[in-house]
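Asker:
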Amino acid sequence: MIDLYTWMTPNGFKLTIMLEELGVPYTLKPVNIGEGENKKEDFTTLTPNQKIPVIVDHKPKRGKSLTLWESGAILIYLAEKEGAFLPKTGEQRAKVLQWLMLQMSGIGPYFGNAFHFKKATSEKLPYSLKRFMGETQRLCSLLDHHLSNSDYLAKNYSIADISTYPWIRSLEHLGVPLGKYLHLKRWYHMIDARPKVQEGMSVFKAMGLVKPKRKSNPTKKKNV
Ligand SMILES: N[C@@H](CCC(=O)N[C@@H](CS)C(=O)NCC(=O)O)C(=O)O
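Numbering-wise (the numbering used here), the sequence shown opens with residue 225 and increments by one.
1) Which word fits residue 417, buried or exposed, when buried means at least 16 other C-beta atoms lie within 10 angstroms of its C-beta?
2) Taking the alpha helix (DSSP H) that residue 371 falls in, what are its first and last residues?
3) Residue 436: beta carbon under 8 Å from a heavy atom of ligand 1?
4) Buried or exposed: which applies to residue 186, given that a residue is buried once 16 or more other Cβ atoms fall within 10 Å of its Cβ?
5) Whose C-beta lies closer than 6 Å to the C-beta of residue 405 among residues of the same chain, with five residues either side of it excluded?
6) Could you say which of 434, 332, 390 lies nearest to residue 421 if we only look at CA atoms?
7) In the DSSP output, what is residue 278 paired with across the bridge?
8) Given a cut-off of 9 Å on the beta-carbon distance, is the pair residue 357 and residue 326 in contact?
9) Tell me residue 252's beta-bridge partners as DSSP assigns them.
What follows is the structure in C-alpha cells.
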C-alpha cells in the first residue's frame, strides 16, 4: 500500500493520475498547502523540502518502507516498480526522460513563476511577468511543434505525458489560450479523455474537498 501526500496542484495531480493509471491501491493524504500544512513538523519529517507530492511505499521491492519526494523521481520509481509508462532501456526510455526533464526543469518552474507574478502577488513587476509569461509561451510553441509530428511526447503514452498534462491544464489560469496551439490542444484533449486521468483529477472531489477560490481573478478566461 502507498500513502500519497498531495494537494490540488499540477505537481500534486501528476501522482493521483499515475496511481490511477497503474491501478495501484493508495491512500490519499491531503496536505493543504494554502493553510501551510506542508510546513508542519510531521510533514517536514517526511520531506525536509516541505513540498508536495510525497509517497510512502509500505511495500517496496526491498526494505521495509520507502519515503520519496520530487514528483519526477516518484514517477520514475513507480514506472519502474510497476513496469509501465517508461521503457526499461534504450532510446525510447531516453526520450521519455528528456520530456520528463523538460517538464521538471522548464515547464513546471516557468509556468509556476508566471502564475506567481501574474496572480499570486499584487506587486506589479513587468520584467518578471514578461520573462515568465514569455518563456511559458515559448515552451507551449515548442510542445506544439513537437506534437505536430508525434501523438505523444515520446513514442507511446508515458510518464512524460502524465507529468505535463496538469501543467497544460493550468494554462487556463494564466489566460494563455490553448486554442493558439492546435497540436498541443489535440494532445491535451486526448490525454484528458483518458478515464484514469479523469479519476486522478477528481480524487479530492470524491473526498468532498474542493479547491479554495482565489480572492480575485479578473483575467480568467475559459480556453479549452
Ligand atoms: N520539483 C518539485 C516541486 C514541488 C512543488 O513545488 N510543490 C508545490 C505545490 S505544486 C508546493 O508544495 N508548494 C508549497 C510551498 O512551496 O510552500 C516536484 O516536482 O515535486
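Each residue gets a CB set at the ideal place from its N, CA and C atoms; glycine is no exception.
A quick note: this is a predicted structure, and the numbers were derived from the prediction, not measured.
Answerer: So, from the listed chains and residues:
1) Only exposed fits residue 417, as fewer than 16 other CB atoms lie within 10 angstroms of its CB.
2) Per DSSP, the continuous alpha helix (DSSP H) segment holding residue 371 begins and ends at 350-371.
3) Taking 8 Å as the cut-off, one finds no heavy atom of ligand 1 near enough to the beta carbon of residue 436.
4) In the structure as shown, the chain starts at 225 and stops at 448, and residue 186 therefore has no counterpart that could be examined.
5) 364, 368
6) Closest option to residue 421, judged by alpha-carbon separation, among 434, 332, 390: 390.
7) 229, 293
8) no
9) 228
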